[in-house]
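Notes follow the structure.
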Amino acid sequence: MLKELELPIVDLPKETENLREEVRSFLSAELHNESFTTRSDSWLSGFSADFSRKLGERGWLGMTWPKKYGGHERTAFERFVVTEELLAAGAPVAAHWFADRQTGPLLLNYGTEYQRQTLLPRIVRGELFFAIGLSEPNSGSDLASISTRAKKSGNKWVINGSKIWSSGAHHAHYIVVLLRTATHGEKKHEGLSQMIVDLSAPGVTVRPIYLMTGEHHFNEVIFEDVEISEGMIVGEVGGGWKQSMAELAYERSGPERFLSTYPLLKELINQLSETSGQHANIKIGKLASRLWTLRCMSLGVAGLLEKGDSPNIAASLVKDLGTQFEKDVIDVARELIPSRPSMNAPTKFETLLAESILHAPGFTLRGGTTEILRSIIARGIGV
Amino acid sequence: MSDIQPMLVDTATKIMKDFCTKEVINKAEEGEFPHDLWEALEETGMTSIGIPEDIGGVGGDLEDAMSLLKISGKFAAPIPLAETLLAKLILSFARLPLLNGPLSLLPAQNNDQISFRKTDDAWAVSGKAQYVPWARDVKNIVVFGATSAGQMIVSYVSTDDCQITQGQNLAGEPRDEVMLPDILIDNDRIAPSHNLMGEDIWNRGALTRTALMAGALENILELTLTYAKEREQFGRPIGKFQAVKQQLAVLAGEVTASGIAADAAVSAYEQGGQNQEIAMAKIQVGEAAKAVTNIAHQVHGAMGFTDEHPLHHSTRRLWSWQDEYGSESEWAELLGSEILENSSEQVWSMVTD
Ligand SMILES: Cc1cc2nc3c(=O)[nH]c(=O)nc-3n(C[C@H](O)[C@H](O)[C@H](O)COP(=O)(O)OP(=O)(O)OC[C@H]3O[C@@H](n4cnc5c(N)ncnc54)[C@H](O)[C@@H]3O)c2cc1C
């Protein structure tokens with residue numbers, strides 16, 4: 001097998017079983033208290049600062065990070081278990097999602113000691129939220145073409161430009177911005193840097209962009225002469241591209257890339273019964289097989305990441321196959337149960353279906369479109 | 001991975017490269033059994049992997065046997081290796097003597113009817129089985145069936161005593177009809193089957209097909225990538241066209257997914273799992289076979305549609321193996337009904353346990 005496509009079988013260690021039980025009983029208690037309702041795509045749309053804080057109290061944020069930054073020094077597999085249980089339950093995890101998944105690991109790899117000490121403990125407690133500032137109005141898939149820039153002025157940097165599609169920037173405290181710190185020479189990947197910007201700083205405007213559901217999820221974030229101290233640069237000046245790419249394997253291979261519509265699948269199975277017949281059985285059996293396969297792949301990537309490898313190709317495959325699966329669930333649900341999906345439908349099935357349908361276009365765009373992922377994969381396997 | 005696995009993979013790959021050439025596969029389709037290939041595997045112990053040493057095997061476990069079958073599938077080896085390994089396993093469980101040479105086994109389909117009957121001082125077995133792999137080329141067939149009282153019995157018969165009508169699958173592999181005309185069997189060749197039930201054999205059979213298919217899928221990926229880099233149109237390799245690249249990425253995704261699904265099913269089964277992982281893996285490789293054979297043939301253009309090009313050795317095998325020991329739809333129906341008979345929690349615990 002091509003080396004890029006080889007994935008190990010990961011058997012979760014026995015210790016994770018207790019943890020899984022803990023998370024499950026926490027979630028059923030929370031559901032029972034009605035602290036949240038199950039939603040499809042909850043890592044995008046389920047914002048609850050309270051819920052994030054509760055997870056922080058239980059030690060389920062920053063799980064793998066060093067204790068000296070408030071982390072819990074648990075394994076990537078323990079984190080995997082917690083994450084997949086939260087997503088399967090459709091719990092509201094959007095508030096802390098980017099900070100826990102991306103910003104923390106970024107700072108641990110490239111951040112300064114000061115950044116780690118001041119930011120990480122608050123992320124771990126579920127008090128500090130981050131947004132991701134990559135895309136711009138004129139730069140989507142062609143990310144390296146961004147034009148937001150920072151100019152050095154004394155011991156400060158001054159930022160001008162704008163970011164778009166910034167998920168949750170209206171709730172977040174900070175945004176990690178990829179920007180240009182030098183004009184690019186031959187290669188447009190050069191001269192890019194990452195900076196942490198306080199979203200309440202003077203000169204920052206966060207403007208809502210509403211989803212087609214009417215939800216406020218996205219934003220445009222505009223920077224007008226925003227001053228940043230040198231201490232807020234992440235890693236090397238000019239190293240932004242490499243650093244951003246290192247985040248991708250984490251970003252693309254997690255269980256959120258195939259579980260966005262799991263709550264709908266679960267409700268679909270509740271609605272069907274053993275008398276639903278051969279056709280329904282086949283459809284459900286096939287979905288179950290795909291779900292299991294994707295999870296094996298996702299765990300395999302987690303296993304490689306834990307060993308220090310960077311399996312970018314395999315991670316892109318998880319996202320590509322995973323997001324197709326998320327959409328397949330919707331098709332099967334509609335095929336098997338005639339219904340009238342609506343965001344305020346009387347039944348849970350119809351609401352979950354509505355949410356899933358209306359969020360689905362985003363699955364195959366966010367975090368790199370299907371077309372871009374497939375180009376990366378093709379390059380990775382040598383064509 | 002066991003300690004012998006890397007060595008086994010190397011040895012098997014080397015033997016396949018030397019003895020399982022395109023010509024050998026083509027000749028096999030014309031009816032010529034590849035004796036040299038078989039001998040080379042037998043001499044190195046490959047044909048009794050997974051059978052304990054103290055009873056004449058060469059040791060190793062199910063994972064080893066399946067990694068060997070992956071290689072066999074990758075090279076489209078036209079031999080009853082899966083059947084022989086499975087038959088020997090059954091013989092070893094039943095404490096019957098391990099037989100030499102290639103073997104086949106019955107039942108081959110889950111509706112084959114085989115029945116055992118006690119005679120005055122021995123036993124008799126009768127029945128008919130269809131689509132039996134390599135029946136014409138083996139000396140013995142391991143037979144598994146029930147008495148009228150419902151007791152399960154394992155034995156073996158000589159093919160000299162059977163009536164064999166030749167047939168073949170889409171890949172030209174022998175799939176014969178076998179009649180057992182009330183064949184008399186001595187008591188010492190009869191064993192009650194306690195360790196290995198019929199369902200278990202079916203599951204293991206499906207595992208063999210999953211491994212073979214994962215291997216064939218791997219080969220198709222390699223062939224297709226090579227072709228996409230070599231074949232030029234409009235002044236550049238066709239792999240440089242984005243439409244082709246996108247298809248190759250999909251192909252790679254399905255092959256990767258199938259490889260890990262096949263491995264995970266073996267590992268789960270070895271750890272005492274039930275048939276669910278096998279079902280899920282057989283469904284995955286079956287679904288992958290559709291997408292992958294479509295894309296591979298499309299990318300190869302007319303060349304891949306010819307007898308000359310080796311692509312069809314693998315694609316025709318996939319089209320055959322996908323239906324053997326339960327198609328993806330049959331397994332999906334079984335799995336789906338298990339899920340729907342239980343609660344919705346069932347899927348999640350199936351996936352995560
Ligand atoms: C729900 C959601 C949340 C998001 N959250 C964030 C966030 O928090 N922060 C952030 O920075 N961004 C975020 N994004 C933006 C996301 O990263 C971009 O949508 C994505 O990178 C694609 O860019 P685009 O939308 O400009 O599409 P474009 O790049 O304009 O692409 C449009 C179409 O053209 C295709 N295309 C483009 N280039 C090529 C090519 N070379 N070959 C083949 N096809 C091509 C694309 O695949 C796509 O189908 C989010 C997006 C969504 C949907």
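So the sequences go chain by chain: A and B. For the first sequence, full-length UniProt numbering begins at 1 and goes up steadily by one. For the second sequence, full-length UniProt numbering begins at 1 and goes up steadily by one. All residues carry an ideal CB built from backbone N, CA and C; glycine is no exception.
Runs of the beta strand (DSSP E) lying entirely within the region 238 to 265 of chain B, each at least 3 residues long, are absent. Rounded to whole angstroms, the separation of the alpha carbons of G303 of chain A and G172 of chain B is 41 Å. Taking 8 Å as the cut-off between beta carbons, the residues of the region 270 to 300 of chain A near chain B are N270, L272, S273, E274, S276, Q278, A280, N281, I282, K283, I284, G285, K286, A288, S289, R290, L291, W292, T293, L294, R295, C296, M297 and G300, in sequence order.
With a cut-off of 7 Å, the C-beta of T369 of chain A is classified as near ligand 1, since at least one heavy atom of the ligand falls inside that distance. Taking the beta carbon of M280 of chain B as reference, the chain A residues within 8 Å of it are A288, S289, W292 and T293, listed in sequence order. Across the structure, V24 of chain B and G273 of chain B are spaced so that their CA atoms are roughly 38 Å apart. In this structure P174 of chain B is buried. Its beta-carbon is surrounded by 16 or more other beta-carbon atoms within 10 angstroms. The continuous beta strand (DSSP E) containing A129 of chain B extends over residues W123 to P133. A straight-line Cα-Cα distance of about 29 Å links P6 of chain B and S289 of chain A. With 16 or more neighbouring CB atoms inside 10 Å of its own CB, G326 of chain B falls in the buried class. Taking a cut-off of 8 Å for Cβ pairs, the region 251 to 268 of chain A and the region 86 to 106 of chain A touch, as three or more such pairs fall below it.
Contact annotation, I123 of chain A with G168 of chain A: C-beta distance approximately 14 Å; criterion of less than 8 Å not satisfied.
In the three-state reduction of the DSSP assignment, S162 of chain A falls in the strand class. By the rule that beta-carbons nearer than 8 Å mark a contact, T256 of chain B touches chain A. In terms of side-chain proximity, the C-beta atom of S166 of chain A is found nearer than 7 Å to a non-hydrogen atom of ligand 1. Around L317 of chain A, the beta-carbon contacts reaching into chain B at under 9 Å are A249, A252, G253, T256 and A257.
Listed in chain order, the non-local C-beta contacts of S115 of chain B below 8 Å within the same chain comprise V125, S126, G127, G145, A146, T147 and S148, local neighbours out to five positions each way being set aside. Boundaries cannot be given for Q109 of chain B, as no alpha helix (DSSP H) includes it and DSSP labels it neither H nor E. Within 7 Å of the C-beta of R379 of chain A there is not a single heavy atom belonging to ligand 1. At a beta-carbon threshold of 7 Å, the residues of chain B lying near L321 of chain A are G253 and A257, ordered along the chain.
Distances taken from the Cβ of R366 of chain A to the heavy atoms of ligand 1 include one shorter than 7 Å. When Cβ-Cβ separations below 8 Å define contact, M7 of chain B makes no contact with chain A. Spanning the alpha carbons of L37 of chain B and M16 of chain B requires a straight line of approximately 7 Å.
Where D176 of chain B is concerned, the enclosing beta strand (DSSP E) starts and stops at R175 to I185. In this structure, A82 of chain B lies away from R317 of chain B, with their beta-carbon atoms at least 8 Å apart. Interface criterion not met: the Cβ of W321 of chain B is under 8 Å from no Cβ in chain A. Of B:G60, B:H35 and B:V132, the smallest CA-CA separation from E324 of chain B is found for B:V132.
Remark: the shortest separation between the CB of Q322 of chain B and any heavy atom of ligand 1 does not fall under 7 Å.
Under the Cβ distance rule, G382 of chain A counts among the residues neighbouring chain B, one pair being separated by less than 8 Å. Around the beta carbon of S229 of chain A, fewer than 16 other beta carbons sit within 10 angstroms, so the residue counts as exposed. T16 of chain A and S141 of chain A have their alpha carbons spaced roughly 38 Å apart. For Y250 of chain A, the enclosing alpha helix (DSSP H) stretches over residues G240 to S253. In the DSSP assignment, the residues bridged to R180 of chain A are A:R149 and A:L192.
Closer than 7 Å to some heavy atom of ligand 1: that describes the Cβ of Q242 of chain B. Residues of chain A with a Cβ closer than 7 Å to the Cβ of K245 of chain B are, in chain order, R374, S375, A378 and V383. Per DSSP, the continuous alpha helix (DSSP H) segment holding T293 of chain A begins and ends at Q278 to E306.
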